[in-house]
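For the sequence shown, the numbering used here gives the first residue as 834, with consecutive numbering after it. Report on one structure; see the data block that follows.
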Amino acid sequence: MISFSHAPVMLNEVISVFKESQTPLNVFLDGTFGRGGHTKALIENFPGVHVWGMDQDEEAIAAGKALSLSNLTLVHGNFSEFEKKIVEQKSFDGILLDLGVSSPQLDDAGRGFSFYHDGPLDMRMDRSQKMTAADIINGWDEDELIDLFKNLGEVRNPFRVVRAIVHDRKTTLFTTTRQLAGMIERVSGWRKKGFNPATQYFMALRLQVNGELQILEETLPKLMNALADKGRAVVITFHSLEDRIVKNIFKNNPELGRPVSKKVVKPSREEQKFNPRSRSAKLRAFERGAYEY
């Protein structure tokens, strides 16, 4: 298995949220375990805590097992399955969701998440599921693709790119990331400077393949209800669609909990310089208990 480093985003800020909590941190759910950076820091700062680490990526679970931490229980599955897969634990003192794709997944060309590295047009976080990005690009009709890129990619005018996809796939199916990205760059007139237009198209495909927004919207309220009284949940988002869902869930359901701080927390300048992928991150923390906005 290829080894990739992964710097946990806003690590100090995450630890601070739970250090300031009124509820002792005895049982914790890391719903997006990744390479275990947040979990390792939590265990170091709260030696008595037991962490349940969930991830739908088998490589993340394998990396977690290699840590050999006695107070860590690893569970293969999406955090949406926590009730079904962690039946022996009904309540948590703290919960963390670090959403989006991890650095190891981005850096591994074979996973198909990156448009910088050529690899299969896949994008599945859980490789046991069937639908891939290639299935969408090669199988969806023109209107479906336009709606996808507008709604999940927030692309204002995807029409030329979609028409090119539909035209090109008649002779040659799209099978690799650079094949698709190169076409998007060419049709969009990108000059290899500034924002790469493939970014939004790849984000839309990834969100659709993995059902990320629907899972977040359906599962976050359940996770809040699984918190102990005064327990805290931290959600780290990486784009406006995720952040909007998190905000609206608590705005429309104040009984779920209160925001720990009024303002969203962003990475420090130092972290953004050290880890450029953290630049778009936003951290929101919530405490269990009724609250009126």
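Heads up, the beta-carbon is just placed ideally off N, CA and C, and yes, glycines get one too. The model shown is predicted, which means the values in this text are computed figures rather than measured ones.
Can you tell me whether residue i is buried or exposed, with buried defined as 16 or more other CB within 10 angstroms of its CB?
| i | result |
| --- | --- |
| Tyr1126 | Summary for Tyr1126: the model assigns pLDDT 47, below 50, so the residue's position carries little reliability, and this model does not support an answer. |
| Arg868 | buried |
| Gln855 | exposed |
| Val920 | exposed |
| Arg1065 | buried |
| Asn845 | exposed |
| Asn1085 | exposed |
| Asn1043 | buried |
| Gly1027 | exposed |
| Pro1109 | exposed |
| Leu1006 | exposed |
| Asp890 | buried |
| Val1000 | Reading off the sequence shown, one finds His at residue 1000, where the question assumed Val. His1000 should be labelled exposed. |
| Ile835 | Note on Ile835: pLDDT 38, under 50, position unreliable in the model; the coordinate value appears next. Its Cβ having fewer than 16 others within 10 Å, Ile835 is exposed. |
| Glu892 | buried |
| Gln962 | exposed |
Among the options, whose alpha-carbon lies nearest the alpha-carbon of residue i?
| i | options | result |
| --- | --- | --- |
| Ser903 | Val1068, Val882, Pro857, Leu1116 | Val882 |
| Leu932 | Glu1120, Gly972, Lys1063, Ser1111 | Ser1111 |
| Pro880 | Asp940, Leu930, Thr1004, Pro857 | Pro857 |
| Ile998 | Phe925, Val988, Gln1012 | Gln1012 |
| Val842 | Ser935, Leu862, Lys983 | Ser935 |
| Phe925 | Asp890, Arg1077, Glu877, Ala1061 | Ala1061 |
| Pro1087 | Ile876, Ala874, Arg1019, Pro1054 | Pro1054 |
| Leu1046 | Ser1113, Pro1030, Thr1070 | Thr1070 |
| Gln922 | Thr1010, Leu862, Gly1015 | Leu862 |
| Thr1010 | Ala942, Leu1056, Glu1050, Asp1076 | Ala942 |
| Asn1058 | His1072, Ser1073, Ile1082 | Ile1082 |
| Pro991 | Arg1002, Glu916, Glu975 | Glu975 |
| Asp888 | Ile979, Val908, Asp951 | Val908 |
| Phe912 | Asp940, Lys1095, Gly952, Gly886 | Gly886 |
Please look up how many angstroms separate the CB atoms of residue i and residue j, rounded, as I've assumed it's under 8 Å.
| i | j | result |
| --- | --- | --- |
| Gln1033 | Gly986 | 4 Å |
| Arg1121 | Pro1092 | That pair is no contact at about 12 Å. |
| Ser1021 | Val994 | 7 Å |
| Gly864 | Ile928 | 6 Å |
| Lys918 | Gly910 | 5 Å |
| Val1068 | Val1079 | 5 Å |
| Leu1049 | Glu1075 | 6 Å |
From the DSSP output, read off the bridge partner residues of residue i.
| i | result |
| --- | --- |
| Pro1054 | None; Pro1054 has no bridge partner. |
| Phe861 | Val884, Gly927 |
| Pro953 | Thr1009 |
| Val1042 | None, per the DSSP bridge assignment. |
| Ile1069 | Asp931, Leu1116 |
| Arg1121 | Gly1090 |
| Leu905 | Val884 |
| Val994 | For Val994, which the question treats as bridged, DSSP gives no partner whatsoever. |
| Val1097 | None, per the DSSP bridge assignment. |
| Leu1060 | Phe925 |
State yes or no: is the C-beta of residue i nearer than 7 Å to some heavy atom of the ligand ADP?
| i | result |
| --- | --- |
| Arg996 | By its list of ligands, the structure shown contains no ligand whatsoever, and the ligand ADP lies outside what it can speak to. |
For this session: Report yes or no: do three or more beta-carbon pairs, one from the stretch 1099-1110 and one from the stretch 848-859, lie closer than 8 Å?
Result: no
For this session: Evaluate contact between the stretch 939-957 and the stretch 1034-1044, counting only Cβ atoms and requiring at least three cross-stretch pairs below 8 Å.
Result: yes
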